[in-house]
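Have a look at this one:
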């Protein structure tokens with residue numbers, strides 16, 4: 001169920017920061033609930049301190065319909081809190097503060113330098129006016145499963161006896177959402193077009209493309225995903241990828257794997 005019916009991406013310039021949010025899809029948390037996931041990018045346009053940081057650990061509450069504007073406001077709130085913590089560290093050296101390590105230190109410093117602009121956004125309830133250019137997307141395909149030889153016999157039998165749709169649904173059982181995407185990217189099984197041979201036949205249903213060949217005894221399934229075609233891919237991070245967990249206090253809160261900080265109902269991106 002895709003509960004994200006609004007705008008799916010947004011780019012907004014705040015001071016010397018250029019923020020981008022891109023809808024990444026629905027994911028399941030440990031309780032079995034489904035929630036929206038957003039990728040985001042923080043770019044510094046300051047020529048003396050350029051930089052870009054991206055991650056995909058921005059999650060909405062279970063079943064909460066979230067559009068890009070709400071995601072952008074959440075991201076800017078986290079940045080504002082991180083910038084405030086950065087400033088307090090200089091005022092009170094040696095003390096530890098909440099909202100530290102949500103982002104790399106240079107992002108905290110950039111947020112501190114743009115504190116006024118971020119605070120203005122937080123206090124402004126009017127509709128956000130995004131930059132004219134929103135992050136373009138291009139299609140790519142990630143491998144879900146590929147069987148050949150004896151491993152392919154069951155699926156090919158289902159295809160012959162029950163039809164193409166039944167065979168595709170059988171293969172889709174190997175799709176574990178984000179886990180499958182991460183595994184495909186880690187192993188290089190990401191393609192600009194569905195990988196098929198000259199003798200293969202294809203069947204498409206929604207985001208899935210199944211290819212098969214009785215002659216060569218193989219069958220495979222790929223899933224179409226959208227990737228921002230910006231100068232820096234999102235996400236581009238070496239952080240450990242973790243699944244979102246449910247907030248016990250507020251089912252509609254923005255939640256991430258990080259320990260709870262910020263005001264009630266909000267938890268910051270993990271770093």
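Residue numbers (UniProt numbering): 1 to 271. Cβ atoms here follow ideal geometry from the backbone N, Cα and C, with glycine treated the same way.
Proximity winner among the options, relative to residue i (alpha-carbon distances)
i, options, result
"residue 38", "12, 129, 68 and 201", "68"
"residue 222", "145, 46 and 179", "145"
"residue 90", "49, 19, 215 and 108", "108"
"residue 226", "45, 207 and 58", "207"
"residue 141", "175, 215 and 151", "175"
"residue 10", "217, 50, 44 and 70", "70"
Cβ-based burial, residue i [other Cβ within 10 Å; buried from 16]
i, result
"residue 129", "exposed"
"residue 86", "buried"
"residue 238", "Since pLDDT at residue 238 reaches only 28, below the 50 mark, its modelled position is unreliable, and no value is offered."
"residue 155", "buried"
"residue 157", "exposed"
"residue 258", "Unreliable positioning characterises residue 258 in this predicted model, as indicated by a pLDDT of 33, which lies under 50. The coordinate reading is nonetheless provided below. Result: buried."
"residue 123", "exposed"
"residue 233", "Low per-residue confidence applies at residue 233: pLDDT is 46, beneath 50, and the placement is therefore not dependable, though the value from the model is reported in the following sentence. Counting Cβ neighbours within 10 Å, residue 233 comes out exposed, since fewer than 16 surround it."
"residue 173", "exposed"
"residue 31", "exposed"
DSSP three-state assignment for residue i, whether helix, strand or coil
i, result
"residue 180", "helix"
"residue 83", "helix"
"residue 143", "strand"
"residue 205", "strand"
"residue 76", "helix"
"residue 14", "strand"
"residue 218", "strand"
"residue 190", "strand"
8 Å contact criterion, which residue i and residue j should meet: CB distance rounded
i, j, result
"residue 13", "residue 131", "6 Å"
"residue 202", "residue 195", "Wrong, their Cβ atoms sit about 11 Å apart, outside the cutoff."
"residue 83", "residue 112", "4 Å"
"residue 210", "residue 167", "7 Å"
"residue 118", "residue 80", "4 Å"
"residue 165", "residue 205", "7 Å"
"residue 23", "residue 75", "Actually they do not touch by this definition, with Cβ atoms about 13 Å apart."
Check: residue i C-beta below 7 Å from any heavy atom of the ligand PLP
i, result
"residue 152", "Within the structure as shown, the ligand PLP is missing, as the structure has no ligands at all."
Residue(s) in a DSSP beta bridge with residue i
i, result
"residue 40", "21 and 55"
"residue 9", "22"
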